[in-house]
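Scroll down for the structure; my scribbles are underneath it.
Numbering (this note's numbering), first residue to last: 5 to 526.
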């Protein structure tokens, strides 16, 4: 990424981005600096945190990020317990959390493609977000319009937790400051989270069932009228269904088991005083943590087994690769020698043997009628001298190995592959659509997304700041992506993915037929 487009994480945390360019008044920067120092004087642990944070800018270290998150979260929890009665300090600390959340998110987003497991990060981030949302709920003035803070908190949940439904509902279950006074804030957040949730009732696991049931019970407890409670019951039946799924033994300790033959187990569990909601939430979150730890241990145990399997697959792949290359070499050579064979000098040693062979001489050999077989006129000797070296060049192993898996083109640089990605052959597209796709493919391939901006300008479309930033960042990262793709591990995964996509397109084409191609419209 160029210096012009690089995001200064340190400046974001201080509350500004390139302020020296956007503000001529240097007094503004001075006030920001004083505010940071004043906050460090109130919360001394911030001095150490800021030093570690600023030193981390520019590196991609998942361990360092986990250390920063844990250090910050632990100190935030300690500070809240010590300064909870001092409202002004709590507001300043809340604003600091807002900036730090942005820092953590940008740091993680810059390196998440290099990190296999993001569960640990999202778990710690959900803990910090829960603290932040509780502070927002506590400091919110109920005379204000709640729509702005609802949008703010909902965006924070979905962006900072990477749209992970499990972690978003985990934050909701951890909220402490849920009262009837705050119902205007957290009710839209819960309703919106369920609206985005897209699941079939049959696909719910026992863990998911309990997670959503507890959140719905939290929501129902704040309702005052019978009609409002009935609406929650109706929503619960749509999301969860009337019956509980089969529960594992550990979860039966969290929720009571409905009596046998109960018509509607979900509504029975939503009734008040059936179980202690606070204790159930705490026990369920502890159970999720335990499952996460067990999953990590299981992954670590299976890691060595997976490596052994990969090594064995690599050996088999190399063996099959050599066999395939030798077979392809024979196929190329046999066609050349087949064309120069004569009755006196048959050269069919490379042609496939047996009755199913495409070579008529081999069929005659299998039936014992070789003497009766007559060759058609062979190529002229002068032509043979010119054409046989070409066959030998085409049958070189280093050339044939490039064709293994059907990769006869360099898909990263092929113009055709860029066009077919926009308009796959199994879709019905007219001449004009294919022509537009060709123009777009050529422009993006040669000039990147700046070509799209130029096209938008020609069409008199307004280009916003976000659109321009996206184009700049995308083009700046093209080199990074290419460097990453050059690694053997990512290259093998990419090849496997392309083979899978190629097979899928072939299935579409076999099922629906080609909608356009050479000679179809003749």
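Glycine included, C-beta positions come from ideal geometry on N, C-alpha and C.
Candidates the options, of which the one nearest residue i by Cα
i           : options            : result
residue 281 : 250, 247, 195, 226 : 226
residue 256 : 246, 284, 235      : 284
residue 154 : 193, 164, 341, 128 : 193
residue 50  : 64, 68, 67, 78     : 78
residue 58  : 354, 104, 208      : 104
residue 271 : 116, 264, 246, 401 : 246
residue 438 : 421, 450, 454, 451 : 421
residue 468 : 457, 425, 234      : 457
residue 259 : 113, 401, 277      : 277
residue 349 : 341, 93, 355       : 341
residue 195 : 230, 208, 240      : 240
residue 481 : 452, 461, 466      : 452
residue 1   : 66, 197, 362       : With the chain represented from 5 up to 526, any question about residue 1 goes unanswered, as that position is not in the structure.
residue 344 : 362, 377, 391      : 391
residue 212 : 169, 97, 231       : 169
residue 189 : 165, 162, 157      : 157
residue 151 : 191, 114, 164, 125 : 191
residue 292 : 268, 215, 244, 261 : 215
residue 289 : 338, 359, 179      : 179
residue 445 : 159, 460, 427      : 427
residue 93  : 357, 43, 298, 65   : 43
residue 116 : 82, 64, 429        : 64
residue 48  : 82, 68, 242, 74    : 82
residue 398 : 441, 339, 296, 163 : 339
residue 112 : 128, 400, 470      : 128
residue 90  : 46, 66, 74         : 46
residue 474 : 53, 454, 163, 356  : 454
residue 459 : 297, 440, 71       : 440
residue 447 : 419, 378, 434      : 419
residue 125 : 73, 98, 96, 114    : 73
Delimiting residues of the alpha helix (DSSP H) encompassing residue i
i           : result
residue 447 : 435-451
residue 354 : Here residue 354 belongs to no alpha helix (DSSP H), and DSSP marks it neither H nor E.
residue 159 : 151-164
residue 90  : No alpha helix (DSSP H) contains residue 90, which DSSP labels as neither H nor E.
residue 132 : 123-143
residue 230 : 230-244
residue 210 : 210-225
residue 60  : 49-60
residue 421 : 419-426
residue 278 : Per DSSP, residue 278 belongs to no alpha helix (DSSP H) and is neither H nor E.
residue 247 : Per DSSP, residue 247 belongs to no alpha helix (DSSP H) and is neither H nor E.
residue 454 : 454-462
Three-way DSSP call (helix, strand, coil) for residue i in this model
i           : result
residue 372 : coil
residue 481 : coil
residue 378 : coil
residue 402 : helix
residue 384 : coil
residue 192 : helix
residue 32  : Its pLDDT being 39, under 50, residue 32 is placed unreliably by the model, and nothing is read from it.
residue 179 : coil
residue 259 : coil
residue 267 : coil
residue 171 : helix
residue 285 : helix
residue 468 : coil
residue 96  : helix
residue 392 : helix
residue 365 : helix
residue 74  : helix
residue 114 : helix
residue 346 : coil
residue 432 : coil
residue 66  : helix
residue 80  : helix
For the region 130-147 against the region 243-253, do three or more pairs of beta-carbon atoms, one drawn from each stretch, fall closer than 8 angstroms, so that the two count as touching? Flag = no, the region 130-147 and the region 243-253 do not touch.
Do the region 363-373 and the region 384-391 touch if we need at least three Cβ pairs shorter than 8 angstroms? Contact between the region 363-373 and the region 384-391 is absent, with fewer than three C-beta pairs closer than 8 angstroms.
Is there contact here, the region 123-132 with the region 99-113, by at least three beta-carbon pairs under 8 angstroms? Counting Cβ pairs under 8 angstroms, three or more are found: they touch.
Would you be able to state if there are at least three C-beta pairs under 8 angstroms between the region 164-174 and the region 212-221? Yes, the region 212-221 touches the region 164-174.
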